[in-house]
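Novice:
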Amino acid sequence: MAIVTVFISLLVIPVSLLAWSYLSLNHNKVIAEKVGFPILVKWISPVNPFWMIMGSTIVKACRKLNFGTANFHRMYLFGWEGNERSRIHEELGNIFMMVTPGGNWLCVGDAAVINEVIRRPKEFRRNMEQMAVLNVYGKNLSTTDDEEWQKHRKVTSITFTEKNNELVWRESITQSKAMLRYWKEHQPVTTITTDTKVFTLNVLAAAIFNKNYPFEGVKSTPSSQDDSYQYRNSLSTILSSIVQIFVFGENDLKAWWTPNSWKDAAVAIDIFRSYILGLINEEREYVSRDIEHNQHLSLAAVHTHPQYWGDEGLTWKPERFITSTKAGIENEVLAPDTSAHFLPWAHGQRICPGKKFSQVELVAALVMLFRDHVVAPQRQRNESMEDARSRLFKTGMEINHEGTMLFEVAEPQKAALIWSKRDH
4 MAIVTVFISL LVIPVSLLAW SYLSLNHNKV IAEKVGFPIL VKWISPVNPF WMIMGSTIVK
64 ACRKLNFGTA NFHRMYLFGW EGNERSRIHE ELGNIFMMVT PGGNWLCVGD AAVINEVIRR
124 PKEFRRNMEQ MAVLNVYGKN LSTTDDEEWQ KHRKVTSITF TEKNNELVWR ESITQSKAML
184 RYWKEHQPVT TITTDTKVFT LNVLAAAIFN KNYPFEGVKS TPSSQDDSYQ YRNSLSTILS
244 SIVQIFVFGE NDLKAWWTPN SWKDAAVAID IFRSYILGLI NEEREYVSRD IEHNQHLSLA
304 AVHTHPQYWG DEGLTWKPER FITSTKAGIE NEVLAPDTSA HFLPWAHGQR ICPGKKFSQV
364 ELVAALVMLF RDHVVAPQRQ RNESMEDARS RLFKTGMEIN HEGTMLFEVA EPQKAALIWS
424 KRDH
């Protein structure tokens, strides 16, 4: 009898969850149908904590087992919009409603509408509950709005000035040289994703914390007590575990039942906190309308949509951003870095404060990497260069977002590269 009671008790939770999901989904679908946009139904909310952590893993396992529908394989990945880009909008329209048990999401892939939303932040509010995932150390620029946002903006803008961009340029050059040297010594390069994170974090440390760290690639063996290693490793761990931190919090990540990677995230939070507090102490001594649906503005769709870019939205074609009245490079005019169809840094009040910072950093890196060198994919056995490039492109297009803050290449280790001296 006791076993039966336990069995029934265990069934109550999943059955109740399924019943709630079914009722909520139908309720939200009725609301969405009244709005009039095309509808995409998903049985799991994009902000479901469990799905944020394990969703992509489950979907990929189902793919390998050939289990589930094509729609499940496409639309249930966490961060599905990164892989879909403009495809779903080409099928359903530039604006459609995603219906889930947890609420409705208005998915926008229309450039004019996105620009209008960005220009009217007081009418189209950001989802602060969703952004709370970034509250690792408290409120910040990404998790506040209105007057409180203005205060955070004022503080952070100090770092992103023209004067500081000179430092960003110099440090980016230094780090790029070291990174290229490391890559040439460790051919073929299969660690480009991890190494460029080290590059970025080192530039960030120099610009924000006035700390200069040497570039150390994946195959380097720094001491675990090294200041630069602890800074990079702790911050990188936090960024790659941001969802787990949001769901469980620092203390619960240390529980006996959590995997070691989660415990490492809790330790990283403490280490990075100590690092920042130490820097603050150094400085002290030295100085002695509301809408009922969530909005999902898909820049991944706008930046690749055939409506704006033709059939070559995913083709490397820099001339699309260059105009000229006559021959000669001196007569070429580079298009603005922000337009109605191209806004990677957003614009208006919500413009990214680190826009110029990132531009300077990227240009410096590209100059150093490609001034005297060229890069090509490492070919596999009996593979032509054209096939290798096609394989590399497909690898780069497969995005992972499970448990991470940003879209990342799902399997970067498959993108092996060979660097060689340029023939001038």
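Numbers 4 to 427, taken from our numbering, label the letters of the sequence shown in order. Here a beta-carbon is modelled for each residue, glycine too, at the ideal position from N, C-alpha and C.
Going by beta-carbon coordinates alone, are Thr197 and Val221 separated by less than 7 Å?
Specialist: Yes, the Cβ-Cβ distance between Thr197 and Val221 is below 7 Å.
Novice: For Leu26, does the three-state DSSP call read helix, strand or coil?
Specialist: Helix.
Novice: Where does Ile332 land, buried or exposed, given buried means 16+ other C-beta within 10 angstroms?
Specialist: Flag for Ile332 reads exposed.
Novice: Which word fits Ser264, buried or exposed, when buried means at least 16 other C-beta atoms lie within 10 angstroms of its C-beta?
Specialist: Classification of Ser264: exposed, given that the 10 Å Cβ count is below 16.
Novice: So, at 7 Å on beta carbons, what are the nonlocal neighbours of Leu395 in its own chain, with the 5 sequence-adjacent residues on each side left out?
Specialist: Once the five neighbours on either side are set aside, the close Cβ partners of Leu395 are Pro380, Ala418.
Novice: Would you call Asn74 buried or exposed, if buried means 16 or more other Cβ atoms sit within 10 Å of its Cβ?
Specialist: Flag for Asn74 reads exposed.
Novice: Quick one: complete alpha helix (DSSP H) runs, 4+ long, within the stretch 306 to 376?
Specialist: DSSP runs (the alpha helix (DSSP H)) wholly in the stretch 306 to 376: 309 to 312, 358 to 373.
Novice: What is the DSSP secondary structure of Ile421, reduced to helix, strand or coil?
Specialist: Three-state result, Ile421: strand.
Novice: Pick from His376, Tyr79, Lys358: whose alpha carbon is nearest that of Leu43?
Specialist: Checking every option, the nearest Cα to that of Leu43 belongs to Tyr79.
Novice: Do Ile195 and Met371 count as a contact pair if the criterion is CB distance below 7 Å?
Specialist: No. Outside cutoff.
Novice: By the 10 Å Cβ neighbour count, where 16 or more other Cβ atoms means buried, how is Phe202 classified, buried or exposed?
Specialist: Per the 10 Å Cβ criterion, buried.
Novice: Where do the ends of the beta strand (DSSP E) carrying Val111 lie?
Specialist: Element bounds for Val111: 106 to 111.
Novice: For the beta strand (DSSP E) holding His299, just list the boundary residues, first then last.
Specialist: First-last of the beta strand (DSSP E) with His299: 297 to 300.
Novice: In this structure, how does DSSP classify Ile42 when only helix, strand and coil are distinguished?
Specialist: If DSSP states are grouped into helix, strand and coil, Ile42 belongs with the strands.
Novice: Less than 7 Å separating the beta-carbons of His350 and Arg425?
Specialist: Their beta carbons are not under 7 Å apart, which means His350 does not touch Arg425 by this criterion.
Novice: Quick check: the Cα distance between Arg88 and Tyr216, rounded to an integer number of angstroms?
Specialist: Taking the straight line from one Cα to the other gives about 37 Å.
Novice: Using a Cβ-Cβ cut-off of 6 Å (strictly less than) and excluding sequence neighbours within five positions of Val192, which residues of its own chain qualify?
Specialist: Counting only Cβ-Cβ distances below 6 Å, and skipping sequence neighbours, we find Trp186, Leu420.
Novice: Please return the same chain residues whose Cβ sits closer than 6 Å to the Cβ of Ala269, not counting the five positions on each side in sequence.
Specialist: Taken in chain order, the residues that qualify are Glu253, Leu256, Lys257.
Novice: Return the chain-ordered list of same chain residues with a C-beta closer than 6 Å to the C-beta of Glu414, the five sequence neighbours on each side being excluded.
Specialist: For Glu414, where only same-chain residues beyond five positions count, there are no Cβ hits under 6 Å.
Novice: Which whole-angstrom value is the C-beta distance of Leu337 and Ile325, which I expect to be below 8 Å?
Specialist: 6 Å between Cβ atoms; contact.
Novice: Evaluate the contact criterion for the stretch 110 to 119 versus the stretch 90 to 97: three or more CB pairs, one atom per stretch, below 8 Å.
Specialist: The stretch 110 to 119, when compared against the stretch 90 to 97, does touch it at the 8 Å Cβ threshold.
Novice: Should Trp23 go down as buried or exposed, given a rule of 16 or more other Cβ atoms within 10 Å for buried?
Specialist: With fewer than 16 Cβ atoms within 10 Å of its Cβ, Trp23 is classed as exposed.
Novice: Identify which residue in Ala35, Val412, Arg173, Thr164 has its Cα closest to the Cα of Val366.
Specialist: Comparing Cα positions, the closest option is Arg173.
Novice: With a threshold of 16 other CB atoms inside 10 Å of the CB of Phe70, please say whether the residue is buried or exposed.
Specialist: Result: exposed.
Novice: Are Trp319 and Val378 close, meaning C-beta to C-beta below 7 Å?
Specialist: Against a cut-off of 7 Å, the Cβ pair of Val378 and Trp319 comes out as no contact.
Novice: Grouping DSSP H, G and I as helix and E and B as strand, with all else coil, what is Ile98?
Specialist: Three-state result, Ile98: strand.
Novice: Our contact map puts Thr159 next to Pro356 with C-beta atoms below 8 Å; I'd like the distance itself, whole angstroms only.
Specialist: Contact holds; Cβ gap of about 5 Å.
Novice: Given Gln247, which residues of its chain have a CB within under 7 Å of its CB, disregarding the five upstream and five downstream residues?
Specialist: Ile56, Leu256, Trp265, Ala268, Gly406.
Novice: Quick check on Ala413: does DSSP put it in helix, strand or coil?
Specialist: Of the three classes helix, strand and coil, the one that applies to Ala413 here is coil, per DSSP.
Novice: Taking only three categories from DSSP, how would you classify Val201?
Specialist: In the structure shown, Val201 sits in a helix (DSSP, three-state: H, G or I).
Novice: Count the other CB atoms, across all protein chains shown, that sit within 10 Å of the CB of Pro49; report buried if there are 16 or more and exposed otherwise.
Specialist: Buried, because 16 or more other Cβ atoms sit within 10 Å of the Cβ of Pro49.
Novice: How far does the alpha helix (DSSP H) with His404 in it reach, from first residue to last?
Specialist: Element bounds for His404: n/a, residue is neither H nor E.
Novice: Is it true that the CB of Ile402 sits closer than 7 Å to the CB of Gly85?
Specialist: Result yes, Cβ atoms of Gly85 and Ile402 sit closer than 7 Å.
Novice: Can you tell me where the alpha helix (DSSP H) holding Val120 begins and where it ends?
Specialist: Per DSSP, Val120 belongs to the alpha helix (DSSP H) from 114 to 122.
Novice: Would you mind working out which of Leu300, Lys166, Glu411, Arg235 sits nearest Arg276, comparing C-alpha positions?
Specialist: Nearest C-alpha to Arg276: Arg235.
Novice: Check this for me: beta carbons of Ser327 and Glu335, under 7 Å apart or not?
Specialist: For Ser327 and Glu335, yes; Cβs fall inside 7 Å.
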